[in-house]
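Asker: Shown below is the structure under consideration.
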Amino acid sequence: MGLRVAVVGSGPAGSSTAETLAKAGIETYLFERKLDNAKPCGGAIPLCMVEEFDLPQSIIDRRVRKMKMISPSNREVDIFIEKENEYIGMCRREVLDGFLRDRAAKLGAKLINGTVHKLEVPGNNTDPYTLHYADHSDGSIAGVAKTLQVDLVVGADGANSRVAKAIDAGDYNYAIAFQERIRLPEDKMHFYEDLAEMYVGDDVSPDFYAWVFPKYDHVAVGTGTVVNRPGIKKYQAGIRARAAKRLEGGKIIKVEAHPIPEHPRPRRVVGRVALVGDAAGYVTKSSGEGIYFAAKSGRMCAETIVEMSEQGAKVPSERDLKVYLKRWDRKYGMTYRVLDILQTVFYRSDAAREAFVEMCDDRDVQRLTFDSYLYKTVVPMAPLTQLKLTAKTVASLLRGHALAP
1 MGLRVAVVGS
11 GPAGSSTAET
21 LAKAGIETYL
31 FERKLDNAKP
41 CGGAIPLCMV
51 EEFDLPQSII
61 DRRVRKMKMI
71 SPSNREVDIF
81 IEKENEYIGM
91 CRREVLDGFL
101 RDRAAKLGAK
111 LINGTVHKLE
121 VPGNNTDPYT
131 LHYADHSDGS
141 IAGVAKTLQV
151 DLVVGADGAN
161 SRVAKAIDAG
171 DYNYAIAFQE
181 RIRLPEDKMH
191 FYEDLAEMYV
201 GDDVSPDFYA
211 WVFPKYDHVA
221 VGTGTVVNRP
231 GIKKYQAGIR
241 ARAAKRLEGG
251 KIIKVEAHPI
261 PEHPRPRRVV
271 GRVALVGDAA
281 GYVTKSSGEG
291 IYFAAKSGRM
301 CAETIVEMSE
311 QGAKVPSERD
321 LKVYLKRWDR
331 KYGMTYRVLD
341 ILQTVFYRSD
351 AAREAFVEMC
361 DDRDVQRLTF
371 DSYLYKTVVP
381 MAPLTQLKLT
391 AKTVASLLRG
401 HALAP
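Note that the sequence shown covers residues 1 to 405 in my numbering.
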């Protein structure tokens with residue numbers, strides 16, 4: 001019998017894991033509790049993800065080529081993508097997730113509409129893992145109690161991961177994201193045709209930003225916070241007030257809230273269990289981006305499993321699975337550290353936020369930011385440009401104290 005793998009959760013992380021495993025001919029079971037789940041999420045994806053994960057244009061609601069940054073004092077800075085063929089994709093998570101899940105199933109992953117309640121961990125390195133789950137394929141909420149035994153488990157079940165709890169992966173701090181989907185009158189919606197907005201200020205979040213992101217027939221308006229989670233509705237009221245004129249006449253069609261991890265868990269591989277996506281804690285600070293990194297972590301984890309199992313011929317060990325972590329940390333560890341520093345520097349006060357928005361008015365900063373976001377690479381700057389950027393940052397921080405309300 002060949003390798004049997006259970007992937008718990010079919011968001012971008014889980015579906016990308018399952019797709020890669022299924023392509024390699026490995027027996028793969030993909031669990032999803034709610035097939036029509038709509039996760040509260042800004043829904044922004046970088047251009048490189050569209051290409052790298054072969055995403056069809058039909059799942060992209062809007063191609064954003066302009067970003068408006070609004071400071072605490074309501075100073076607005078417009079940021080443009082210069083190249084005509086470049087854009088930030090805006091999608092609805094239920095559409096993106098459904099596409100990736102269906103593709104994995106078509107390639108051979110066995111999709112199970114079920115809720116995993118318990119992961120039974122064996123007492124040795126050879127016995128199988130047992131998943132206890134409720135099968136909802138009959139359409140019932142309670143489902144039918146079933147079990148499945150596998151050699152390896154990938155936890156892609158989000159910030160509240162039951163798989164992570166089963167292996168004692170350790171806790172992490174998390175943010176609460178709150179979002180309202182608002183359908184606007186046609187003339188108001190036209191304003192957001194290819195534009196997204198980011199608002200900063202203590203009134204919309206003490207440690208993050210608020211957003212207005214366009215979808216196919218509505219906008220997503222939301223915010224998030226770590227340090228004052230109980231106050232999330234107050235901050236949502238803040239972004240609604242700041243963007244009131246642009247949202248005038250809008251109708252709320254959906255309200256969503258969800259936890260977002262703030263840093264990787266202490267243990268992401270234990271035994272023959274690996275964590276990916278939000279379950280592992282792969283959301284970047286400062287930007288709050290998680291979709292690309294979720295999908296990428298799932299693919300990298302699966303590629304490691306395929307390699308270390310010799311195409312499913314043997315069962316990988318914990319040491320084998322940790323190769324995935326080494327590769328991940330080597331490729332993206334610096335990105336997380338840099339964004340952590342940026343959040344610490346620029347989100348600590350309204351004065352610092354004023355400085356941040358002012359700095360975003362610089363074309364070199366805009367090019368560097370978009371290159372880093374769109375392609376997940378940092379293009380080295382010329383020495384004079386680097387010097388100019390450093391001076392601009394310091395000057396902006398100093399002036400920010402005077403400009404702040």
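Yeah, the Cβ is synthetic: ideal placement off N, Cα and C, and Gly gets one too.
Suppose you measure from the CA of Ala382 to the CA of Phe80; what does that come to, to the nearest Å?
Answerer: The predicted position of Ala382 is uncertain, since its pLDDT is 48 and thus under 50; a value taken from the coordinates is nonetheless stated next. Computed Cα separation, rounded: 22 Å.
Asker: Quick one: what does DSSP say Gly98 is sitting in, helix, strand or coil?
Answerer: In the structure shown, Gly98 sits in a helix (DSSP, three-state: H, G or I).
Asker: Could you tell me if Pro261 is buried or exposed, where buried requires 16 or more neighbouring beta carbons within 10 angstroms of its beta carbon?
Answerer: Pro261 comes out buried.
Asker: Per DSSP, which residues does Asn113 bridge with? Please list them.
Answerer: In DSSP, Asn113 forms a bridge with Glu32.
Asker: Taking 6 Å as the limit between beta carbons, can you name the residues of its chain near Glu120, skipping five residues before and five after?
Answerer: Correct list, in chain order: Thr130.
Asker: Over what stretch of residues does the alpha helix (DSSP H) that includes Lys188 continue unbroken?
Answerer: Residues 186-191.
Asker: Given that a residue counts as buried once 16 or more other Cβ atoms are within 10 Å of its Cβ, and exposed if not, what is Ala210?
Answerer: Result: buried.
Asker: In chain order, what residues of the same chain lie with their CB nearer than 6 Å to the CB of Gly170, ignoring the 5 residues before and after it?
Answerer: Counting only Cβ-Cβ distances below 6 Å, and skipping sequence neighbours, we find Arg265, Pro266, Arg267.
Asker: Using three-state DSSP, classify Gly108 as helix, strand or coil.
Answerer: Correct three-state label for Gly108: coil.
Asker: Return the CA-CA distance between Ala313 and Leu21, expressed in angstroms with no decimal places.
Answerer: Each residue's alpha carbon lies about 13 Å from the other.
Asker: Just curious, the alpha helix (DSSP H) that Gly356 is in, first and last residue?
Answerer: The question names Gly, yet the displayed sequence has Phe at residue 356. Counting along the chain, the alpha helix (DSSP H) containing Phe356 begins and ends at 350-359.
Asker: Look up Gly333 in the DSSP assignment and say whether it is helix, strand or coil.
Answerer: Three-state result, Gly333: helix.
Asker: Rounded to the nearest angstrom, what separates Val219 and Tyr347 at their Cα positions?
Answerer: Between Val219 and Tyr347, the C-alpha separation is close to 25 Å.
Asker: Less than 8 Å separating the beta-carbons of Glu197 and Ala142?
Answerer: Their beta carbons are not under 8 Å apart, which means Glu197 does not touch Ala142 by this criterion.
Asker: Do you know offhand how far Met308's Cα is from Lys326's?
Answerer: Answer to the nearest angstrom: the Cα atoms are 14 Å apart.
Asker: With 16 other CB atoms within 10 Å as the buried threshold, where does Phe208 fall?
Answerer: Buried, by the Cβ-count rule.
Asker: Could you give the DSSP three-state label for Val226: helix, strand or coil?
Answerer: Val226: coil per DSSP, three-state reduction.
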